[in-house]
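*Asks:* The structure under discussion is supplied below as structure tokens; questions concerning it will follow.
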Amino acid sequence: MTHAHRRLAEAATAGAEHEVMSLGQRVSAQWFFNDVRAAVSAVRGSWPLACEVFADLGSMDAVTAHVDALRRPHPERTMALGDGRVARTFGHPPADPLPAAALMALTVAILDDPSGHHTLLPLLSALPSTSTAHIRLRQHAPHCSPMMTAVLRGSVRLPHKAVG
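Numbering (this note's numbering), first residue to last: 74 to 237.
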């Protein structure tokens with residue numbers, strides 16, 4: 074987890090002209106953080122399949138605890154939307170920071186691996202097109218690094234922009 078903390082801090086303090094590594098490519102810090110968001114959505118949305126894929130990385134019990142906690146409704150972390158749906162807010166810290174840190178450590182490990190995109194493919198392909206994770210990934214994709222965007226485009230069925 075110390076490595077994940079260092080990597081996230083490094084990217085957070087990188088200036089606009091500095092680049093960091095994500096999926097084996099040098100990218101802007103902005104793209105890196107969008108890749109983090111996409112990878113978190115992929116892992117959370119495909120859990121428990123992701124647990125099987127990443128079992129050798131360790132801390133899966135902690136990540137499972139965090140994913141389970143996020144899936145349970147917490148009154149202080151939800152708000153009603155105008156159309157009757159409920160959205161989780163991110164203005165409250167996680168109930169237990171250790172499991173949240175384990176999820177971030179897993180995410181950074183995926184992005185640090187130059188072949189991490191190959192690991193994400195089965196997770197992304199398993200997401201139902203109506204899932205919240207699938208919808209979020211479609212929203213994140215245009216703002217991710219070129220490699221993450223290509224992975225998402227290949228497995229999340231992103232709309233292609235018309236040229237001309």
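We put the CB at the ideal spot given by N, CA and C, even for glycine.
Pick out whichever of A178, S114, V113 has its Cα sitting closest to the Cα of A82.
*Replies:* A82 has its Cα closest to that of A178, out of A178, S114, V113.
*Asks:* Just the Cα atoms here: how many angstroms apart are R150 and P201?
*Replies:* Any reading at R150 must be qualified, since the residue scores a pLDDT of 49, below 50, and its modelled position is unreliable; the value itself is stated next. Roughly 25 Å between the two C-alpha positions.
*Asks:* My output table needs one value for E92: the three-state DSSP class, helix, strand or coil.
*Replies:* Residue state, collapsed to three classes: strand.
*Asks:* Is the shortest distance between the beta-carbon of L193 and the beta-carbons of chain D less than 9 Å?
*Replies:* In the structure shown, chain D does not exist; there is a single protein chain.
*Asks:* How should A85 be labelled, buried or exposed, when 16 other C-beta atoms within 10 angstroms of its C-beta is the threshold for buried?
*Replies:* A85 is exposed by the Cβ-count criterion.
*Asks:* I need the boundaries of the beta strand (DSSP E) containing S101, first residue and last residue.
*Replies:* Run containing S101: 98-101, per the beta strand (DSSP E) assignment.
*Asks:* With DSSP collapsed to three states, give me the class of S204.
*Replies:* Here S204 sits in coil by DSSP.
*Asks:* Do you know how far the Cα of G118 is from the Cα of A206?
*Replies:* Between A206 and G118, the C-alpha separation is close to 5 Å.
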